[in-house]
Each structure stands twice: as structure tokens, then as C-alpha cells.
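Just so you know, the protein sequences line up as chains A and B, in that order.
Reminder that position 52 of the first sequence reads as 51 in numbering that gives the first Met the number 0, one-by-one numbering, no gaps.
Reminder that position 27 of the second sequence reads as 26 in numbering that gives the first Met the number 0, one-by-one numbering, no gaps.
Quick reminder that beta carbons are idealized off the backbone N, C-alpha and C, glycines included.
Here's the structure, in C-alpha cells; my notes come after.
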Amino acid sequence: MLVLSRRPGQKIVIGNEITIEVVSVSGEGVRLGISAPDTVSVHRFEVFEEIQAANKLAEINEAAIDATSLKDLSEHFKDRQK
Amino acid sequence: MATIMIKGHQHEYSDSDVITFAEGLIGLPRIRRAVVLSMNEFEPFCWLAPLDETETRFVVVDPKLIFDNYQPKFHSSASMDVQTYAIVTIASDWKQTTINLRAPILINPEDRTGSQQILTETQYHFAERLPQD
Chain A
0 MLVLSRRPGQ KIVIGNEITI EVVSVSGEGV RLGISAPDTV SVHRFEVFEE IQAANKLAEI
60 NEAAIDATSL KDLSEHFKDR QK
Chain B
0 MATIMIKGHQ HEYSDSDVIT FAEGLIGLPR IRRAVVLSMN EFEPFCWLAP LDETETRFVV
60 VDPKLIFDNY QPKFHSSASM DVQTYAIVTI ASDWKQTTIN LRAPILINPE DRTGSQQILT
120 ETQYHFAERL PQD
């Protein structure tokens with residue numbers, strides 16, 4: 000991992016289009032300003048971790064599929080559709 | 000026509016059905032190619048079946064069929080007619096089932112490329128309960 004020291008007002012650049020500026024530092028907290036193209040998603044890492052965990056939880060093994068539960072679900076929402 | 004097995008049934012699909020995920024799914028980068036298949040008995044829910052593994056499956060659904068007012072803003076790369084699926088986590092009691100509205104799967108119908116995008120809108124949750132009424 001690359002580790003850089005920066006002061007408030009200073010920036011780093013990633014690739015040609017992404018810049019990260021240290022806006023301010025107070026106590027334990029650092030405020031960052033991120034400029035990136037619309038096509039690049041920027042999120043707090045915690046959000047990313049939550050989605051990672053949710054995806055892993057949703058992954059099911061072909062053999063372990065609970066068809067009964069899915070059928071119950073399907074029946075419930077079929078009715079709602081129209 | 001190739002086939003894939005889901006719940007004991009062979010499903011046919013053609014090359015044009017294959018969705019390519021350049022970056023995989025979030026936390027699951029190995030999932031690069033998949034097909035979405037629907038089975039009458041499970042509609043409106045569908046299967047997202049990765050092609051490079053024989054055992055992994057996901058249950059997905061078009062979230063707008065369940066949440067009428069689901070209208071998230073996507074990054075500008077997503078065109079208006081993009082196909083949206085939300086990943087569903089099935090519980091043995093269907094009432095405990097959750098849906099990931101925060102990180103939908105977007106599929107471009109023109110070139111069949113797909114991506115999973117985390118929305119910036121925090122009102123959408125990654126483990127939302129399904130409406131019970």
C-alpha cells in the first residue's frame with residue numbers, strides 16, 4: 000500500500016480523473032473532498048462491506064435451494080402484480 | 000443452444016442471453032458471466048445463474064414489481080431503458096426474506112453488459128423486508 004503525507008488543502012490524484020483533497024483535519028477526523036467522473040462510484044468502505052456480505056449471504060447452492068419457500072414467496076407476489 | 004440446470008430442470012439459453020459483468024458482483028469478482036432465467040412457478044422471481052460455476056445461484060427480481068415507487072438515480076453511464084434486478088436473500092419463512100435495494104444489478108439490454116451499483120441514496124437498504132400485506 001502506498002502511504003502519503005498530505006496537509007489540509009493538498010491533494011492526490013488517482014489515474015487522470017480522480018482527485019482527493021484533504022479538506023480539513025480536526026482531532027481524529029479527516030474531511031476528504033473527492034472529485035471523480037460520474038461513472039466512478041465513491042462510497043464509504045463500510046457500505047461496500049455491507050453489500051459484500053449481503054451478496055455472499057444471497058448466494059445459494061443449487062442443491063440447497065428451498066423451492067417451497069420460494070414458491071410461497073412467488074404466490075404472494077403474483078397476486079400483488081395486477 | 001447451451002443448457003444450465005436449475006432445481007432439476009434443464010434450461011436452454013443462447014449466446015445473446017449471456018450477461019457479462021466486467022467487474023463481477025461486489026465481493027464476488029469471480030462472477031463474470033451469467034444468465035437470468037425465469038420459471039413460471041417462481042415468477043416474478045428469477046434466477047441469476049453464473050455460467051462458470053455449476054452450483055451457485057442467486058434469486059433476483061425486478062424491484063419495481065414489488066416496490067412501485069422504486070426509482071433510484073443511477074450513474075450517468077446507465078441508459079434509461081436499463082434492466083434492473085435486485086438480489087433477494089431467501090429465508091425458510093418467506094416473511095423473513097430480504098431484498099437488496101441499495102445495490103441493484105443493472106443490465107444494458109443493447110450489449111448485455113451488467114454491473115452492480117451501490118446507490119448513493121441512503122433511503123434504499125441492502126436488506127429491506129418485502130411488503131407483507
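C-alpha distance - residue i paired with residue j, whole-angstrom precision
{"i": "Thr112 (chain B)", "j": "Ala21 (chain B)", "result": "8 Å"}
{"i": "Lys72 (chain B)", "j": "Leu118 (chain B)", "result": "7 Å"}
{"i": "Val56 (chain B)", "j": "Trp46 (chain B)", "result": "Inspection of the sequence shows that residue 56 (chain B) is occupied by Arg rather than by Val. Their backbone Cα atoms lie some 7 Å apart in a straight line."}
{"i": "Arg32 (chain B)", "j": "Gly23 (chain B)", "result": "8 Å"}
{"i": "Lys55 (chain A)", "j": "Ile13 (chain A)", "result": "29 Å"}
{"i": "Ile106 (chain B)", "j": "Thr83 (chain B)", "result": "6 Å"}
{"i": "Ser91 (chain B)", "j": "Val41 (chain A)", "result": "35 Å"}
{"i": "Arg128 (chain B)", "j": "Phe44 (chain B)", "result": "15 Å"}
{"i": "Leu36 (chain B)", "j": "Ser73 (chain A)", "result": "15 Å"}
{"i": "Val81 (chain B)", "j": "Ile65 (chain B)", "result": "18 Å"}
{"i": "Val34 (chain B)", "j": "His75 (chain A)", "result": "25 Å"}
{"i": "Ile30 (chain B)", "j": "Ser114 (chain B)", "result": "11 Å"}
{"i": "Arg101 (chain B)", "j": "Asp37 (chain A)", "result": "18 Å"}
{"i": "Ala1 (chain B)", "j": "Asp14 (chain B)", "result": "8 Å"}
{"i": "Trp93 (chain B)", "j": "Asp71 (chain A)", "result": "7 Å"}
{"i": "Ile11 (chain A)", "j": "Val29 (chain A)", "result": "15 Å"}
Buried or exposed by the 16-neighbour rule on C-beta atoms within 10 Å, applied to residue i
{"i": "Glu52 (chain B)", "result": "exposed"}
{"i": "Arg6 (chain A)", "result": "exposed"}
{"i": "Tyr123 (chain B)", "result": "buried"}
{"i": "Ala157 (chain A)", "result": "The structure shown does not extend to residue 157 (chain A), since chain A is modelled only from 0 through 81, so no value can be given for it."}
{"i": "Val87 (chain B)", "result": "buried"}
{"i": "Phe44 (chain A)", "result": "exposed"}
Neighbourhood of residue i by C-beta, 6 Å cutoff - its chain only, sequence neighbours within 5 removed
{"i": "Ile89 (chain B)", "result": "Val58 and Thr96"}
{"i": "Ala35 (chain A)", "result": "Ile17 and Val41"}
Own chain residues within Cβ distance below 8 Å of residue i, not counting five before or after
{"i": "His8 (chain B)", "result": "Met38"}
{"i": "Lys81 (chain A)", "result": "Unreliable positioning characterises Lys81 (chain A) in this predicted model, as indicated by a pLDDT of 49, which lies under 50. The coordinate reading is nonetheless provided below. Excluding sequence neighbours, Lys81 (chain A) sits near nothing in its chain."}
Neighbourhood of residue i by C-beta, 7 Å cutoff - its chain only, sequence neighbours within 5 removed
{"i": "Ala62 (chain A)", "result": "none"}
{"i": "Asp16 (chain B)", "result": "Val34"}
*What are the start and end residues of each continuous beta strand (DSSP E) run of 3 or more residues lying completely inside the region 17-59 of chain B, in chain order?*
You should have 18-20, 32-37 and 45-49.
*Near-chain A residues of the region 15-29 of chain B - C-beta to any C-beta below 8 Å*: Result list: Leu24, Ile25, Gly26 and Leu27.
*Mind checking the region 40-54 of chain A against chain B and listing, in chain order, the residues whose C-beta falls within less than 9 Å of any C-beta there?*
Ser40, Val41, His42, Val46, Phe47, Glu48, Glu49, Ile50, Gln51, Ala52, Ala53 and Asn54
*Interfacial residues, the region 28-50 of chain B to chain A, with Cβ spacing under 8 Å*: With the criterion set as a beta carbon lying under 8 Å from some beta carbon of chain A, the members of the region 28-50 of chain B are Glu40, Phe41, Glu42, Pro43 and Phe44, in sequence order.
*Taking Cβ-Cβ distances below 8 Å as the criterion, which residues of the region 61-73 of chain A are in contact with chain B?*
Only Glu61, Ala62, Ile64, Asp65, Ala66, Ser68, Leu69, Lys70, Asp71, Leu72 and Ser73 from the region 61-73 of chain A bring a Cβ to less than 8 Å from some Cβ of chain B.
*Taking any Cβ of chain A, which residues in the region 104-127 of chain B have a Cβ under 8 Å from it, in chain order?*
Gln115, Gln116, Ile117, Thr119, Phe125 and Ala126
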